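Working notes, structure below.
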Amino acid sequence: AQKVTQAQTEISVVEKEDVTLDCVYETRDTTYYLFWYKQPPSGELVFLIRRNSFDEQNEISGRYSWNFQKSTSSFNFTITASQVVDSAVYFCALTGTYKYIFGTGTRLKVLA
Amino acid sequence: SQTIHQWPATLVQPVGSPLSLECTVEGTSNPNLYWYRQAAGRGLQLLFYSVGIGQISSEVPQNLSASRPQDRQFILSSKKLLLSDSGFYLCAWTADRSTDTQYFGPGTRLTVL
Numbered sequence: 001a002q003k004v005t006q007a008q009t010e011i012s013v014v015e016k017e018d019v020t021l022d023c024v025y026e027t028r029d030t031t032y033y034l035f036w037y038k039q040p041p042s043g044e045l046v047f048l049i050r051r052n053s054f055d056e057q058n059e060i061s062g063r064y065s066w067n068f069q070k071s072t073s074s075f076n077f078t079i080t081a082s083q084v085v086d087s088a089v090y091f092c093a094l095t096g097t098y099k100y101i102f103g104t105g106t107r108l109k110v111l112a
Numbered sequence: 113s114q115t116i117h118q119w120p121a122t123l124v125q126p127v128g129s130p131l132s133l134e135c136t137v138e139g140t141s142n143p144n145l146y147w148y149r150q151a152a153g154r155g156l157q158l159l160f161y162s163v164g165i166g167q168i169s170s171e172v173p174q175n176l177s178a179s180r181p182q183d184r185q186f187i188l189s190s191k192k193l194l195l196s197d198s199g200f201y202l203c204a205w206t207a208d209r210s211t212d213t214q215y216f217g218p219g220t221r222l223t224v225l
């Protein structure tokens, strides 16, 4: 069965601290895609990144970076020098048949 | 570019009343469409998805239904709302393949009293 686990329910950090959000997945598919979404207080889910199972290169986009490790079935997300605007719920997702499998989300609170 | 619209943005309805939420996508054709519900402080629950006009798959048995009367229109309905139907309803679309990125609409916040 496919599954996405985000064990961290809520994380609080002080502004400018680095923070890593964990995502562990389970799938028997050999080809699959992983995603991260951000849900700010307004509610709309904002797409952050899509990564396919054959590309294990880490990716950096500004203060955001992602570490994909097939050996541990993990796709972790790091925010460097966090800011108050990063406060949101972050969801990790995995492709299934015609649908995504979402994790339960991690609420990140960045305190000024 | 593609955009996705949802309306209304917020809705307060009494128990037992009907419901109709609408989602439309612009700038693409033959999208896969999805309805999700998010209870307060919870994760996303997939309700329905559609791969084409008139093709609806239900993920969770409940008093909700979905329809896709046009290629880029997806409607979520109920004949009689329950208190447990309260939540944040999100519509999403992908291009033709299910592995493509899902893009979400702004959502509808429904409160059933």
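Order-wise, the sequence lines are chains A and B.
Take the first sequence: its position 28, counted from the start at 1, is 28 in my numbering, and no numbers get skipped.
Take the second sequence: its position 55, counted from the start at 1, is 167 in my numbering, and no numbers get skipped.
We treat Cβ as the ideally placed atom computed from N, Cα and C, and that holds for glycine.
All values reported here derive from a predicted model rather than from experimental measurement.
Using beta-carbon distances, A/F47 counts as an interface residue toward chain B, with a partner under 8 Å. The C-beta distance from A/R51 to A/F68 rounds to 6 Å, short enough to meet the 8 Å contact threshold. Between the C-alpha atoms of A/G43 and B/Q125 there is a straight-line separation of about 20 Å. Below the 7 Å Cβ cutoff, chain B contributes T211 as neighbours of A/Y33, in chain order. In this chain, the beta strand (DSSP E) harbouring A/T106 covers T106 to L111.
Beta-carbon to beta-carbon, A/Y32 and A/S53 are separated by about 5 Å, close enough to satisfy the 8 Å threshold. Within the same chain, and ignoring the five residues on either side of A/E17 in sequence, the residues whose Cβ sits closer than 6 Å to its Cβ are S82.
Only residues of its own chain outside the window of five on either side were considered, and among them Y25, C92, L94, I101 and G103 have a CB closer than 6 Å to the CB of A/V4, listed in chain order. B/C135 has its alpha-carbon roughly 16 Å from the corresponding atom of B/G199.
Residue-level contact check: A/T104 touches chain B, since one or more beta carbons of chain B fall below 8 Å from its beta carbon. When DSSP states are grouped into helix, strand and coil, A/K99 belongs to the coil group. If you draw a straight line from the Cα of B/A207 to the Cα of A/G96, it is about 15 Å long. Between the region 213 to 223 of chain B and the region 158 to 167 of chain B there are fewer than three inter-stretch CB-CB distances shorter than 8 Å, so the stretches are not counted as touching. At a cut-off of 8 Å between beta-carbon atoms, B/G155 makes contact with chain A.
The Cβ atoms of B/L193 and B/V224 lie closer than 8 Å to each other. Here the alpha carbons of A/R28 and B/D197 stand approximately 34 Å from one another.
No Cβ of chain B is located within less than 8 Å of the beta carbon of A/T30. Across the region 66 to 83 of chain A, no CB contact with chain B closer than 8 Å is found for any residue. Taken through DSSP and simplified to helix, strand or coil, A/T27 comes out as coil. In the DSSP assignment, A/S65 falls within the beta strand (DSSP E) that extends over Y64 to Q69.
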